[in-house]
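**Q**
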Amino acid sequence: MTRPQSVLAYAFFIFSLASALPLTPVKRAISEDLLDQFSLFEQYSGAAYCPGNNDATTSAAITCSTGNCPLVQAAGAQSIIEFENIGAGDAQGFVALDHTNQLIVISFRGSVTIDNWIANLDAVMTPWSICTGCDAHAGFLDSWNSVKSLVQGAIEGAISTYPSYSIVSTGHSLGGALATLAAADLRNSGYDIALYTYGSPMVGNLALATFITSQTGGNYRVTHANDIVPKLPSYALTFAHVSPEYWINAPTGVTVTAGVVQVSSGEIDLQGDEGQLGGTVTDHLWYFNSISACSPI
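Using mature numbering (1 follows the signal peptide of the UniProt record, and there is no 0), the letters of the sequence shown correspond one by one to residues -20 to -1, 1 to 277.
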């Protein structure tokens, strides 16, 4: 199928799907407090791209040489563990303690070669025993499983020392996919975890998306403008999204305010990013700032 034909086919699929689904309620504007949380965890997600935050063998300060995580640095966040190039998917990231905000933060790095990752996206799903009928993206699940024991061990140690701290799982792009699977898995093990993702692709089928949506802890799936990555691998391939979506309806490079964030619900949701035809990498690389500025590539 040529590209024009594939675009038309996708447009027809979206139109047909939209016609068959009831419209979900849309709420415009979020609270300033929630906007502040989005900004903080976007910076934690961005910090995972910085090589110095995923290669330490001992606790180290979380910093961004490109200046895109000032809130994280001001909080004095310190890593508990850092990991890089783990497993076939080269999972990278860190688990950090933030005493200022009383947080334990799990942050996964996104892909450092966005264009290549999009072109070679493997849409194969594999059964996941976390819930009945649930299938997960095979590559994403393999990547999470490769670091699960490291991350869970760090969480266990941290929460035993700081039982009142909140746990957050976060990431951008591929990192958002890993953060989603990590949150789902760790919640299933009894942890109360809030999930904040930015430009995350779909991670599994409708059964899995519905299961994660129903878990306690809070899901905040943030998208931006016409970001191409949240459209992938595609509803047409029986993938679905965790709900709700917080869509930043503002151009790249513009300061995000509470009034430009549109909230909609549904594991198959066509009112935010998915409602925009096409998609751009430019919108993927900007959320509250240049989120992948630290990327070595």
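Glycine residues also receive a C-beta, built at the ideal position from the N, C-alpha and C atoms.
Computed from a prediction, not measured in an experiment: that's the story for all the values here.
1. DSSP puts glycine 73 in a beta bridge; with which residues?
2. Going by alpha carbons, who is nearest to cysteine 44 out of Thr37, Gly32, Ala55 and Ala36?
3. Which class does proline 31 belong to by DSSP, given the choice of helix, strand or coil?
4. Relative to the C-alpha of serine 149, which candidate in Trp124, Ser140 and Thr232 has its C-alpha closest?
5. Tell me where the alpha helix (DSSP H) around isoleucine 139 begins and ends.
6. Short of 7 angstroms in beta carbon distance, which residues of its chain neighbour asparagine 65, apart from the five on each side in sequence? Order them along the chain.
7. What does the Cβ neighbour count give for valine 75, buried or exposed, with the cut at 16 atoms within 10 Å?
8. Please name the residue in Val240, Ser126, Pro276 and Tyr200 whose C-alpha comes closest to that of isoleucine 173.
9. So, under 8 angstroms CB-CB, glycine 26 and cysteine 274 are touching, yes? Tell me the CB distance rounded to an integer number of Å.
10. Please classify serine 91 as buried or exposed, where buried requires at least 16 other C-beta atoms within 10 Å of its C-beta.
11. Are the Cβ atoms of cysteine 114 and glycine 179 separated by less than 8 angstroms?
12. Alanine 163 to serine 126, Cα distance in whole Å?
13. Expressed to the nearest angstrom, what Euclidean distance is found between the alpha-carbon atoms of isoleucine 42 and aspartate 165?
14. Please classify valine 236: does DSSP put it in a helix, a strand, or coil?
15. For the alpha helix (DSSP H) that alanine 157 lies in, which residues bound it at each end?
16. Can you give me the C-alpha to C-alpha distance between alanine 116 and glutamate 62, rounded to a whole angstrom?
17. Could you spell out where the alpha helix (DSSP H) holding leucine 189 opens and where it closes?
18. Counting C-beta neighbours from all protein chains within 10 Å, is the total for histidine 264 16 or more, i.e. buried, or is it exposed?
19. Verify whether the separation of the beta carbon atoms of leucine 60 and alanine 238 is less than 8 angstroms.
20. Does DSSP classify alanine 273 as helix, strand or coil?
21. Going by the CB atoms, is the gap between glutamate 225 and glycine 252 shorter than 8 angstroms?
22. How is histidine 79 classed by DSSP in three states: helix, strand or coil?
23. For a minimum of 4 consecutive residues, which ranges assigned as the alpha helix (DSSP H) are wholly contained in the region 11 to 57?
24. If I'm right that histidine 152 touches isoleucine 271 with Cβ under 8 angstroms, what's the distance once you round it to whole angstroms?
25. If you reduce the DSSP assignment to three classes, tell me which class alanine 216 lands in.
26. Which whole-angstrom value describes the C-beta separation of residue 280 and asparagine 168, a residue pair presumed to lie in contact below a C-beta threshold of 8 angstroms?
**A** On the basis of the coordinates in this document:
1. Start at 1 with the first residue of the sequence shown, and residue 73 comes out as number 93. Beta-bridge pairing links glycine 73 to Phe63 and Phe88.
2. Position 64 of the sequence shown holds residue 44. For the residues Thr37, Gly32, Ala55 and Ala36, the minimum Cα distance to cysteine 44 belongs to Gly32.
3. The count along the sequence shown starts at 1 and reaches residue 31 at position 51. Proline 31 falls in the helix class under three-state DSSP.
4. Along the sequence shown, read from residue 1 onward, the residue named residue 149 stands at position 169. Distances from the CA of serine 149 to each of Trp124, Ser140 and Thr232 were compared; the closest alpha carbon is that of Trp124.
5. One-based indexing of the sequence shown puts residue 139 at position 159. Run containing isoleucine 139: 118 to 141, per the alpha helix (DSSP H) assignment.
6. Locating residue 65 in the sequence shown gives position 85, where the first residue counts as 1. For asparagine 65, where only same-chain residues beyond five positions count, the Cβ hits under 7 angstroms are Gln72.
7. If you number the sequence shown from 1, residue 75 lands on position 95. Valine 75 comes out buried.
8. Here residue 173 refers to the residue found at position 193 when the sequence shown is read from its first residue. The candidate whose alpha carbon is nearest that of isoleucine 173 is Tyr200.
9. Counting from 1 along the sequence shown, the entry for residue 26 is found at position 46. Counting from 1 along the sequence shown, the entry for residue 274 is found at position 294. About 7 angstroms; that satisfies the 8 angstroms criterion.
10. For the purposes of this step, residue 91 is identified with residue 111 of the sequence shown, where counting begins at 1. Per the 10 Å Cβ criterion, buried.
11. Along the sequence shown, one-based indexing puts residue 114 at 134. Along the sequence shown, one-based indexing puts residue 179 at 199. No, the Cβ-Cβ distance between cysteine 114 and glycine 179 is not below 8 angstroms.
12. In the sequence shown, the residue the question calls residue 163 occupies position 183. In the sequence shown, the residue the question calls residue 126 occupies position 146. So the alpha carbons of these two residues sit roughly 15 angstroms apart.
13. In the sequence shown, the residue the question calls residue 42 occupies position 62. In the sequence shown, the residue the question calls residue 165 occupies position 185. Distance between the alpha carbons of isoleucine 42 and aspartate 165 is about 25 angstroms.
14. The residue you call residue 236 lines up with position 256 of the sequence shown. The answer is coil: DSSP assigns valine 236 none of H, G, I, E or B.
15. Counted from its first residue, the sequence shown places residue 157 at position 177. It spans 154 to 168 - the alpha helix (DSSP H) in which alanine 157 sits, taken as one unbroken run.
16. As a first step, residue 116 is located in the sequence shown; it is residue number 136 there, counting from the start. As a first step, residue 62 is located in the sequence shown; it is residue number 82 there, counting from the start. One C-alpha to the other measures close to 25 angstroms.
17. By 1-based counting over the sequence shown, the position of residue 189 is 209. A small correction: the amino acid at residue 189 is alanine; leucine does not occupy that position in the sequence shown. Per DSSP, alanine 189 belongs to the alpha helix (DSSP H) from 186 to 194.
18. Translated into the one-based positions of the sequence shown, residue 264 becomes position 284. Label assigned to histidine 264: buried.
19. Here residue 60 corresponds to residue number 80 of the sequence shown, with the count starting at 1. Here residue 238 corresponds to residue number 258 of the sequence shown, with the count starting at 1. Inspection of the sequence shows that residue 60 is occupied by isoleucine rather than by leucine. The beta carbons of isoleucine 60 and alanine 238 sit no closer together than 8 angstroms.
20. Numbered from 1 along the sequence shown, position 293 holds the residue referred to as residue 273. In the structure shown, alanine 273 sits in coil (DSSP, three-state: anything other than H, G, I, E or B).
21. Within the sequence shown, the letter at position 272 stands for residue 252. Within the sequence shown, the letter at position 245 stands for residue 225. For glycine 252 and glutamate 225, yes; Cβs fall inside 8 angstroms.
22. The residue labelled residue 79 in the question sits at position 99 within the sequence shown. In this structure, histidine 79 counts as coil in the three-state DSSP scheme.
23. Look at the region 11 to 57 and you find these whole runs of alpha helix (DSSP H), each 4 residues long or longer: 12 to 27 and 50 to 54.
24. As a first step, residue 152 is located in the sequence shown; it is residue number 172 there, counting from the start. As a first step, residue 271 is located in the sequence shown; it is residue number 291 there, counting from the start. Confirmed, about 5 angstroms.
25. Within the sequence shown, the letter at position 236 stands for residue 216. Looking at alanine 216 - three-state DSSP - the assignment turns out to be helix.
26. Summary: the structure shown does not reach residue 280, with the chain confined to residues -20 through 277, and so no result is reported for it.
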